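Please read the structure below before turning to the comments.
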Amino acid sequence: MGEHLEDEEVGSTAAGDLKLTVLSQATGYALRRAQMWSFRDLKARFKPHDISPAQYAVLDVVAENPGLAQARVAEALSIERARLVLMLDRLEERQLLVRVRSTSDRRTHELHLTDKGRELLAQLYKLWEEHERKIEELIGRDGQAALLKLLAPMQ
50 MGEHLEDEEV GSTAAGDLKL TVLSQATGYA LRRAQMWSFR DLKARFKPHD ISPAQYAVLD
110 VVAENPGLAQ ARVAEALSIE RARLVLMLDR LEERQLLVRV RSTSDRRTHE LHLTDKGREL
170 LAQLYKLWEE HERKIEELIG RDGQAALLKL LAPMQ
């Protein structure tokens, strides 16, 4: 489905045949490369729906926390507030979510998914599950669990 990354693309690097002695031993570099692969794969899977991985994350957080203030979404996802506002504008234009001024604090906007947003999120969730299964194929279920446990202190 879509243009997700094929097996031969998983290990490919922009470096090609260059020597990366220090970088190949650097944990941060390996984490970044893995994150880049994950982002590219999700982006390709979500492309037919014109949704980025960051937009998916926003929709997911709002779905799980209806009425959440947009500032809390920015904080939870480590997205700059100005960038989040632009993203919310786009999602709202597509009628996937609505911003409602809070009755308790008029400076705050609460976020809610629309029916259309919930329907799209259900489709995207299936694609996200495919992505997670691909990771499991690459590193195994135990490897996936171990990786999440190892990364937890950094989050």
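So for the sequence shown, the numbering used here puts the first residue at 50; every next one is plus one.
Idealized CB from N, CA, C, for every residue including glycine.
Bear in mind the structure is a predicted one, so any value in this text is a computation, not a measurement.
Item to complete: Return the CA-CA distance between residue 163 and residue 140, expressed in angstroms with no decimal places.
Response: As a position in the sequence shown, residue 163 is number 114, starting the count at 1. As a position in the sequence shown, residue 140 is number 91, starting the count at 1. Residue 163 and residue 140: Cα-Cα distance of roughly 10 Å.
Item to complete: Report back the beta-carbon spacing between residue 166 and residue 145 to the nearest angstrom; my notes put them in contact at under 8 Å.
Response: Walking along the sequence shown from the start, residue 166 turns up at place 117. Walking along the sequence shown from the start, residue 145 turns up at place 96. About 4 Å; that satisfies the 8 Å criterion.
Item to complete: Any chance you could list the beta strand (DSSP E) runs of at least 3 consecutive residues sitting entirely within the segment 103-160, in chain order?
Response: 146-150
Worksheet item: Can you list, in chain order, the residues of its chain whose CB lies under 8 Å from that of residue 180, leaving out five sequence neighbours each side?
Response: Here residue 180 corresponds to residue number 131 of the sequence shown, with the count starting at 1. The answer, listed in chain order, is 53, 87, 90, 91, 94.
Worksheet item: Which residue from 199, 114, 100, 158 puts its Cα closest to that of residue 177?
Response: Position 128 of the sequence shown, counted from the start, is the residue given in the question as residue 177. Ranking the options by Cα distance to residue 177, first place goes to 100.
Fill in: CB contact flag (residue 173, residue 119, <7 Å)
Within the sequence shown, the letter at position 124 stands for residue 173. Within the sequence shown, the letter at position 70 stands for residue 119. Their beta carbons are not under 7 Å apart, which means residue 173 does not touch residue 119 by this criterion.
Worksheet item: Who are the near neighbours of residue 126 in its chain, counting only those whose CB is closer than 6 Å to its CB and skipping five residues on each side?
Response: As a first step, residue 126 must be located in the sequence shown, where it is residue number 77. Here the set comprises 106.
Worksheet item: What do you reckon, are the CB atoms on residue 112 and residue 170 nearer than 7 Å?
Response: On the sequence shown, residue 112 is found 63 positions in, with the first residue counted as 1. On the sequence shown, residue 170 is found 121 positions in, with the first residue counted as 1. It is a contact, given that the beta carbons lie within the stated cut-off.
Discussion item. On the DSSP letters alone, give me the boundaries of the alpha helix (DSSP H) that residue 85 sits inside.
Written reply: On the sequence shown, position 36 is the one that residue 85 refers to. Its alpha helix (DSSP H) spans residues 76-95.
Worksheet item: With 16 other CB atoms within 10 Å as the buried threshold, where does residue 104 fall?
Response: To locate residue 104, count along the sequence shown from 1; it is residue 55. That one is buried.
Worksheet item: Mind checking whether residue 133 and residue 123 have CB atoms under 7 Å apart?
Response: Sequence index remark: in the sequence shown, residue 133 carries index 84 (1-based). Sequence index remark: in the sequence shown, residue 123 carries index 74 (1-based). Against a cut-off of 7 Å, the Cβ pair of residue 123 and residue 133 comes out as a contact.
Worksheet item: Which of helix, strand or coil does DSSP assign to residue 162?
Response: As a working mapping, residue 162 is identified with position 113 in the sequence shown. Note: residue 162 maps to strand in three-state DSSP.
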